[in-house]
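To get this note's numbering, take the position in the sequence shown, counting from 1, and add 240. Every residue gets a Cβ at the ideal spot worked out from N, C-alpha and C, and that includes glycine. Input: a single structure, listed below in structure tokens.
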Amino acid sequence: MTIDISLLKQVCEIAGAPGFEKRIRDLVIDLVRPLVDEIRTDNLGNVIAIKKGKRNPDGKRVMVAAHMDEIGFIVTHIDDQGFVRFHTLGGFDPKTLTAQRVIVHGKKDLVGVMGTKPIHVMSQEERNKLPKTTDFFIDLGMSKEELEKYVSVGDPITRERELVEMGSCVNCKSIDNRVAVYILIEALKKIQNPAYDVYATFTVQEEVGIRGANVAAHGINPDFGIALDTTIAFDVPGAQPHEKVTELGKGTAIKIMDAMTICDYRMVEFMKQTAKKEKITWQPEILTAGGTDTAGVQRMGKQGAIAGAISIPTRHLHQVIEMAHKQDIADSIELLVSCLEQIDTYNWSH
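Given below as structure tokens:
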């Protein structure tokens, strides 16, 4: 399977900080509407696209969740010189902010740069200290008077970086989790014979506490759940074998657990059997820190869901240089489609 790079690029590069997902939501709706039987947006901003099952007399529901939001920032203050202070929306390693461009989404989009104290005037103690997010400010090259024509406290900020191909990989900001948004869109194009009703759910505010998935799962009340998200590929120099979690190019990852979810053993086994049957390359994922929409999908329905996750191995997570392997992306699409078409063939009893 080849990857539609132009679509992936479009999905990754568009802005959508947590709580400010309108641009990516509008794009998703336009792309998905022709592919499904019904589409709606809930009060929180989740997009729920329904594709009816072909063999579903009992009305069973499979919720597939991919979050639309990306880590970002929000304007908290504009000082007398026109420099912007901000608060993070999602998890950042502060050292990754150095020398980055950002986009402030006010009355119009304005490009700014992350600034901090120059090393030339730092004390030795300051040079040896790890940076904090509060050490940074955003410089937009404008006076306060000029800037305030366009920017206000509360405006969202996203990172500026385009998608490029690097060898067998793609590299961009917001691969987490736009690659999963792309995978779910492609799956909706390819699925011909879904067994049960598929609730393709493009969620909001995952990066600040899986808020969208919690609300969506409560409303959908799924029987089964599959989350789609990136996971750590720490397959780089200095990594010990037990630290890698996953590796690029070794296939899609089937989640066994993360810090918020122990996946249902039946869903894990079903995914493994399906991958083997369809000759899809896969690898196991155990992530001892962090969580995904899997937790909300599993727990927030009225009786809980038989839930698991398909994870996309990704290097350099929560940086502007996130990297995923094209074949792993293709394998993830194939596994998702196969699971949705064969989910009624498995014995789901305890």
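- For tyrosine 439, the enclosing beta strand (DSSP E) begins and ends at 437-443.
- For secondary structure counted as the alpha helix (DSSP H) over 4 or more consecutive residues, the region 366-425 holds these complete runs in sequence order: 384-387.
- Its chain contains Lys384 as the residues whose beta carbon lies nearer than 7 Å to that of glutamine 321, once the 5 sequence neighbours on both sides are disregarded; these appear in chain order.
- Between threonine 501 and serine 551, the gap from beta carbon to beta carbon reaches 8 Å or more.
- By the CB criterion at 8 Å, alanine 545 and aspartate 475 fall outside the cutoff.
- Distance between histidine 345 and threonine 398, taken at the CA atoms: about 8 Å.
- If the five residues before and after asparagine 433 are omitted, its C-beta is found closer than 7 Å to the C-beta atoms of Lys294, Glu581, all from its own chain and listed in chain order.
- Lysine 291 sits close to leucine 428, with the two beta carbons spaced by under 8 Å.
- Boundaries around aspartate 270 are those of the alpha helix (DSSP H), 262-272, since no beta strand (DSSP E) includes it.
- Burial is judged here by how many other beta carbons sit within 10 angstroms of a residue's own beta carbon; glycine 465 has at least 16 and is buried.
- For methionine 507, the uninterrupted alpha helix (DSSP H) run begins and ends at 505-517, by DSSP.
- The shortest CA-to-CA distance from glutamate 253 to any of Val315, Arg273, Cys412, Leu271 is the one to Cys412.
- Here the alpha carbons of aspartate 416 and methionine 563 stand approximately 9 Å from one another.
- In the displayed model, glutamine 321 falls within coil according to three-state DSSP, outside both helix and strand.
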